[in-house]
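Whatever position you read off the sequence shown (first residue = 1), add 11 for my numbering. C-beta atoms are modelled at their ideal positions from N, C-alpha and C, and glycine is treated no differently.
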Amino acid sequence: MKEKRFFHSGSLVGLILVFLGILWILNNLEILDFRLSEWWPLILIVIGLIHLVSGGKLFNAGAWILIFLGGIFLLTTNDYLEWDEIWRFWPVILILIGLSMLTQHHGKSTPKSDKDDISGSTIFGSINKKVNSKQFKGGNMSALFGGIELDLRDCSLDEAGAVIDVSTMFGGTEIKIPADWPLDIRSTTIFGGVENKTDNPVSKEGKRLTLKSSTIFGGIEIKN
Numbered sequence: 012m013k014e015k016r017f018f019h020s021g022s023l024v025g026l027i028l029v030f031l032g033i034l035w036i037l038n039n040l041e042i043l044d045f046r047l048s049e050w051w052p053l054i055l056i057v058i059g060l061i062h063l064v065s066g067g068k069l070f071n072a073g074a075w076i077l078i079f080l081g082g083i084f085l086l087t088t089n090d091y092l093e094w095d096e097i098w099r100f101w102p103v104i105l106i107l108i109g110l111s112m113l114t115q116h117h118g119k120s121t122p123k124s125d126k127d128d129i130s131g132s133t134i135f136g137s138i139n140k141k142v143n144s145k146q147f148k149g150g151n152m153s154a155l156f157g158g159i160e161l162d163l164r165d166c167s168l169d170e171a172g173a174v175i176d177v178s179t180m181f182g183g184t185e186i187k188i189p190a191d192w193p194l195d196i197r198s199t200t201i202f203g204g205v206e207n208k209t210d211n212p213v214s215k216e217g218k219r220l221t222l223k224s225s226t227i228f229g230g231i232e233i234k235n
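Shown next, in the form of structure tokens:
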């Protein structure tokens with residue numbers, strides 16, 4: 012049975028923009044005193060919480076680092092903590108990174124998968140996947156301060172086609188696809204871009220790979 016995900020990784024950029032928009036509306040209506048210079052650390056905390064929930068596991072070093080940094084900056088910008096006191100808390104980041112390294116499985120080879128659906132998210136890290144599904148349907152991938160390498164050259168498209176939803180913030184994504192797959196790219200970019208280096212046919216209907224991407228300060232590259 013297909014796994015249900017609470018959070019759709021490709022919606023991360025949209026959720027952040029909605030969050031900021033709501034705060035500004037409340038400020039304009041004088042319901043909330045919102046100043047970006049004071050409350051911007053909430054963005055880090057929200058991103059961390061989203062990845063913590065969507066990852067399905069309690070220990071996610073990248074998510075906890077964002078939450079920790081957001082909390083520290085929130086306290087300092089609102090004068091609850093002095094900047095010269097911050098150095099006392101930095102070892103927490105070293106502890107989180109160390110625990111992450113101890114709990115991860117390391118290997119030089121690229122992990123292979125024959126699953127028809129893919130998913131993954133990373134913060135301050137990388138995802139490297141090689142998929143060889145014979146009925147590839149697509150999936151969700153996201154990277155924040157990290158990178159994604161996805162190799163689909165040994166896959167075959169499902170009869171209904173496939174949809175990949177990718178979000179990238181301050182990172183990069185590389186997707187390799189077969190040369191005969193019709194391609195449909197739908198992108199939303201803010202200080203970023205999607206670069207198609209393939210000669211694949213472009214199609215808006217029928218059996219094809221549809222790439223839905225959201226990018227802020229990052230890039231997505233498609234190649235063969």
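Asked: DSSP three-state assignment for G150, whether helix, strand or coil; Found: strand
Asked: Length of the line joining the Cα atoms of D191 and N211; Found: 6 Å
Asked: Backbone secondary structure at I42 - three-state DSSP; Found: coil
Asked: With 16 other Cβ atoms within 10 Å as the buried cut-off, status of W75; Found: buried
Asked: S144 beta carbon less than 8 Å from that of T166; Found: The displayed chain sequence assigns Cys, not Thr, to residue 166. Cβ atoms of C166 and S144: closer than 8 Å.
Asked: Pairwise C-alpha distance: N151 and G217; Found: 21 Å
Asked: Alpha-carbon to alpha-carbon, D90 and D128; Found: 47 Å
Asked: Straight-line Cα distance separating S132 from V29; Found: 20 Å
Asked: Contact under 8 Å by Cβ, T209 with L194; Found: yes
Asked: For D176, the first and last residue of its enclosing beta strand (DSSP E); Found: A173 to M180
Asked: Rounded separation between G73 and L80 - CA only; Found: 11 Å
Asked: CA nearest to the CA of T179, picked from V205, G172, F84 and N235; Found: V205
Asked: Nearest candidate by alpha-carbon position, reference S198, set I231, A173 and K123; Found: I231
Asked: V142: first and last residue of the uninterrupted beta strand (DSSP E) it sits in; Found: S137 to V142
Asked: R99 (DSSP reduced to helix, strand or coil); Found: helix
Asked: For P52 and W35, the rounded distance between their alpha carbons; Found: 15 Å
Asked: Buried/exposed call for G32, threshold 16 Cβ in 10 Å; Found: exposed
Asked: Candidates T226, K123, I83 and I78, of which the one nearest G203 by Cα; Found: T226
Asked: Selection from S224, L92, F135 and I186 that minimises the alpha carbon distance to G59; Found: F135
Asked: Straight-line Cα distance separating V174 from K215; Found: 12 Å
Asked: Simplified DSSP state of E49, which is helix, strand or coil; Found: helix
Asked: Under the three-state DSSP convention, the category I58 falls into; Found: helix
Asked: L85 to I159 span [Cα, whole Å]; Found: 30 Å
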